[in-house]
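Below you'll find the structure, written out as structure tokens, and then a few comments.
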């Protein structure tokens, strides 16, 4: 160096830091906009279920405060409420089953069906099936028993055994006989 010249040496500290805006609770789209306007990039580091934060919203951010300009801010984004296992409610009364399902966050509908094995007003089964996972707040349908199907039985008076068996078969019945 010529005499009288001063040479200054030092390490670069990189880009000047900027304040990372707080984006927890925002939609991912809005959070991305806020961070980009601050001169930062976005990195979704994790998506996880959260029973409190709606799907697509930011649960938390890893970097806060002052961060290097142009750096990526890692976001944790909600997948919404975790799926819920449908409980076994077969055999319960329709009202008990409905209350149990609603307590887990499900919307409940019902349909009725005849059953020779389940008492009237009791649950035969559910759709989706018990033990399956379903989205929180989704619909579960109860299949509620009307009891056995009843109908007017045909008259067998005056018929011989062969005629009675044929008539029973027409109605989907099986005849049994007792000799007196």
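Residue numbers (this note's numbering): 1 to 180. We put the CB at the ideal spot given by N, CA and C, even for glycine. On a predicted model such as this, the values are computed, not experimentally measured, just so you know.
- Assignment of residue 28 by DSSP, reduced to helix, strand and coil, places it in the helix class.
- When the beta-carbon positions are compared, residue 156 and residue 164 come within less than 7 Å of each other.
- With contacts defined as CB atoms closer than 7 Å, residue 50 and residue 59 qualify as a contacting pair.
- For the set 57, 87, 36 and 120, the Cα lying nearest the Cα of residue 131 is the one of 87.
- In the DSSP assignment, residue 57 forms a beta bridge with 27.
- Setting aside the 5 residues that flank it on each side, residue 70 is surrounded in the same chain by 15, 39, 40 and 41, each with a C-beta closer than 8 Å to its C-beta; the list follows chain order.
- For residue 48, the pairing in a beta bridge is given by DSSP as 78.
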